[in-house]
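Once you know that position 663 of the sequence shown is 644 in our numbering, the rest is easy, because the numbers rise by one and skip nothing.
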Amino acid sequence: MSTFADIILPLAQPCYTFAVSHIPDLKVGEAVAVQFGKNSVYTGIVLQLHEQAPKSGKVKPVLYRLYDYPLLNQAQINFWKWMADYYMSTIGEVMRMALPSLVKPHAPNEELYQPYKLPQERVLRLKKGIEEIATDKTIRLTPRRVALIEQLQSAGGQITRSQTEADSTTIKALETAGILEIFKRDCKPNLYPIQQALLPTLSEEQNCALNRLQEGLNLRNVALLHGVTSSGKTEIYTHLIAQTLLRGEDVVMLVPEISLTTQLVQRMQQMFGQRVIEYHSKLTASRRTQIYMDMLRSDAGNFIVGARSALFLPYKHLGLVVVDEEHDSSYKQTEPNPRYNGRDAAIMLASIHGAKSILGSATPSLESFNHAMAGKYIGINLTSRYGGAQPPRIIISDTLRAVKRGERKSHFNKELLDRIAGRLAAKEQIILFQNRRGYAPYVECPQCGWTARCPHCNVTLSRHLKSGTLRCHYCGYSMADPRFCPDCKKSEVHPMGFGTEKVEEEIAYLFPQAKVVRLDSDTASSDKEYNRIISAFAERKADILVGTQIVAKGLDFEGVTLIGILNADNLTNAPDFRAVERAWQTMLQVAGRAGRRGSAGEVVIQTSDPSHPVFAALCEAGYQHFAAAQLSERKLFNYPPFSRLIRITLRHCSDSILADTASTLGTLLRARFGSRVLGPVTPLIDRIRGQLIVEIIVKIENSASLARARTIIAEQIDTLRKNAQYKGVTIICDVDPI
Ligand code: ADP
Ligand code: ZN
Ligand code: ZN
């Protein structure tokens, strides 16, 4: 029996030591109630048992254990430890995020605790033999009673209440007669049988890729499946998933966004039936708890489809991790701590279990591409679409030339307009992509130059026509649209630039016969609205879909044959070393929505810079060259994947306190890291929600120890925080920021 335990609490605090000798046979991973602070009782998790009394302070005893089995296995504890360490957060912050809310009850008073109770089922058991029943004169054997007795007998004498259709009167009568008894037990999770026959037959190219994948994964732990949209990556995954489940091992498949899970779950259920479990943070707390508890008790062979939070389920024998759309930046948790990348964490989780990982994408991240080139990952390519569908034809449309020739109306070049007219006439569908929502990103007075700005953030306010407001896309601030310049009062204010709302208006004006719908976070404010718009377009109730990034992800519309990307310069000009890579990914993902079935699609990309190398990379042949060029540029400037970045963000409402803190921290860091420290710099948007922002970036070359760098940074921040003058400043570390 141990004397002490280090306990994880769901807080941004280190672990504390509690006395546990009064709790018999306590194990690592068990949940206990502990008092922390004056009146607060928390659920804690036992991280470690030992005999070492803490050097200072009185040790409080743990109050009591919450369950009679551990909530975490050793692999999970290792995963939590890694995550806290790598992403510079506390293990308590990992706990806060990882355990579904019902498992981590913490409340100011104890009475509120409601440890999860396993669901129960009623079981009927035959108490007498058939002959004995037949000779029993005290009971009349009606046909219904006989039917139930026979059912029980053929099932070996025992069935659950839900397995029989017998009515309660019949059951009661047999129970009273002493023929059967009823008892309760914890429900057993059902495992649905895997039928290999339901798997799709692979095409020759797919089969070849599958074989190479299997061979490759014998040698390496991670594979990158680079397959153009519609090449059937999902079909290849299903074969590997089936093999893993048949071995009795768990599988987790991640998608970058919750909205994409439903479609995928349905597809997987056609092959794996009820074995497929959907998991993400939008499920109810009780559903998430139930899944967690079921998995704790099931032996293995669970198949989870979900968002990044699915990594925290209690896998026992994880065999395979699939990360679909691995390039997607939504895998990164940007707030709060731990600011982890779901893709990278998935690979780590797999390695803790000795499992294999497959990363799939039509547009792999340069990081993963680089690993594949270096032989660290197995790289597999799928270059043709399933069923022989042709890749879309890409047309780069020069906006400046169109303007010069008078071939531009509103925000559309003639090359695009002519094609829209043609596709509409042929009753085909069109998607128009613009990566800005609202009507106009800003409004300006042509007389005095006044622009509307957010009072809390250093950004312009966007005009939203429908609601008659100017809105901040960072903090949500909104004001009535003044229309007339509030400053000089001489002129109307003009919309500058254009967002999806304006595109919708203009295209409806140019093609009055077409029905136009818009998909962005304004129109798809809920899942219900999102699904309504998507299904309306899929059912061809509209001809043109105008949308932001949302339309780039995973959607599959049969009728779409034309895509317009209205302003590619927006994408390539973003002030970020990943801008060009992202532009390439976004354009190809949007392009992938065209002509997914048979008929060849077209993609018109409008740009003022048609010679930009990103456009040449949109065809299969151009990619290798583009990726190599991008990588050598990154190498030259020592950017990821040739270095690791740690971004330290400082926030405060006072300019002088912030500047002072940042420069002190900069000096402390420079003393240790020298020229690896960049900044303090003011980011492009230097005020959000009334807080001023300053950043420091630390660039760690790949040959140096990132772990050591993290320790030094944490130490320097601690040193800084000891100084009362800097106390109020929020300091956030983001490892591998995106
Ligand atoms: P990706 O994930 O690479 O974008 P999908 O797996 O979604 O591609 O496949 C695109 C379409 O082709 C889907 O509708 C899918 O059902 C179909 N498909 C792909 N491979 C096969 C196959 N081997 N058998 C039947 N249908 C397939
Ligand atoms: Zn704002
Ligand atoms: Zn004015």
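C-beta: ideal position from N, C-alpha, C; glycine also.
### Query
Where does ALA34 sit, in a helix, a strand or coil, going by DSSP?
coil
### Query
Just how far apart, CA to CA, sit VAL75 and THR344?
30 Å
### Task
Using three-state DSSP, classify CYS714 as helix, strand or coil.
strand
#### Entry: Pocket of ligand 2 (residues with CB nearer than 6 Å to any heavy atom), chain order
CYS435, HIS437, CYS438, CYS453, TYR455, CYS456 and TYR458
### Task
Look up PHE17 in the DSSP assignment and say whether it is helix, strand or coil.
strand
### Task
Compute the minimum distance between the beta carbon of GLY369 and the heavy atoms of ligand 1, and state whether it is under 7 Å.
no
### Query
Any heavy atom of ligand 3 closer than 7 Å to the CB of CYS426?
yes
### Query
Quick one: what does DSSP say LEU569 is sitting in, helix, strand or coil?
helix
### Query
If we ignore side chains and look at the alpha-carbon of each, how far apart do SER332 and LEU133 end up?
47 Å
### Query
Which word fits LEU673, buried or exposed, when buried means at least 16 other C-beta atoms lie within 10 angstroms of its C-beta?
buried
### Query
Counting pairs of beta carbons, one from the region 458 to 470 and one from the region 432 to 443, are three or more of them closer than 8 Å?
yes
### Query
Would DSSP call ASP399 helix, strand or coil?
helix
### Message
Distance check for SER686 and ILE693, CA to CA, integer angstroms please.
### Response
11 Å
### Message
Looking at the secondary structure, which residues open and close the beta strand (DSSP E) in which ILE677 lies?
### Response
672 to 682
### Query
Which two residues bound the contiguous alpha helix (DSSP H) that contains ILE333?
323 to 334
### the region 228 to 248 in contact with the region 289 to 308 per 3-pair CB rule at 8 Å
yes
### Query
Are VAL428 and LYS471 close, meaning C-beta to C-beta below 8 Å?
According to the sequence displayed, residue 428 carries Gln and not Val. For GLN428 and LYS471, yes; Cβs fall inside 8 Å.
#### Entry: Residue of LEU547, ALA549, VAL209 and VAL571 minimising C-alpha distance to LEU531
Sequence inspection shows Ile at residue 531; the Leu mentioned does not correspond to that position. Considering only alpha carbons, the answer is VAL571.
### Task
Tell me where the beta strand (DSSP E) around ALA0 begins and ends.
-3 to 0
### Query
Are the CB atoms of GLU425 and VAL474 nearer to each other than 8 Å?
yes
### Query
Thinking C-beta only, is VAL662 closer than 8 Å to GLU676?
yes
### Task
Compare the Cα-Cα distances from HIS334 to each of SER342, ASN202 and SER21 and report the closest residue.
ASN202
### Task
Look up PRO42 in the DSSP assignment and say whether it is helix, strand or coil.
strand
#### Entry: Assigned exposure category for GLY387 - 16 Cβ within 10 Å defines buried
exposed
### DSSP three-state assignment for ARG668, whether helix, strand or coil
strand
### Task
Give the secondary structure of GLN530 by DSSP, where H, G and I count as helix, E and B as strand, and everything else as coil.
helix
### Message
With H, G and I counted as helix, E and B as strand and the rest as coil, what does DSSP make of GLN410?
### Response
strand
### Task
Keeping to the same chain, check which residues put their C-beta closer than 7 Å to that of ASN722; ignore five residues upstream and five downstream.
This structure cannot speak to residue 722, because the chain is shown only from -18 to 719.
### Query
So who's on the other strand from GLY25, going by DSSP bridges?
VAL13
#### Entry: Beta-ladder partner(s) of LYS337, from DSSP
LEU301
### Task
Enumerate in chain order the residues of its own chain whose CB-to-CB distance from ALA79 is below 6 Å, with the five nearest sequence positions on each side excluded.
PHE293
### Message
By alpha-carbon positions, which one of ALA533, ILE111, PHE253 and ALA688 ends up nearest to PHE626?
### Response
Per the sequence presented here, residue 626 reads as Leu, with Phe not at that position. The option with the nearest alpha carbon to LEU626 is ALA688.
### Cutoff 7 Å; reference ILE175; Cβ partners in own chain excluding five residues on either side
ALA223, LEU226, LEU227, PHE253 and ARG256
### Proximity to GLN29 [Cα-Cα], best of LEU44, SER(-17) and SER37
SER(-17)
### Task
Give a yes or no on contact between the region 56 to 76 and the region -12 to -4, applying the rule of three or more CB pairs nearer than 8 Å.
yes
### Message
Taking 7 Å as the cut-off, is the beta-carbon of CYS714 closer than that to any non-hydrogen atom of ligand 3?
### Response
no
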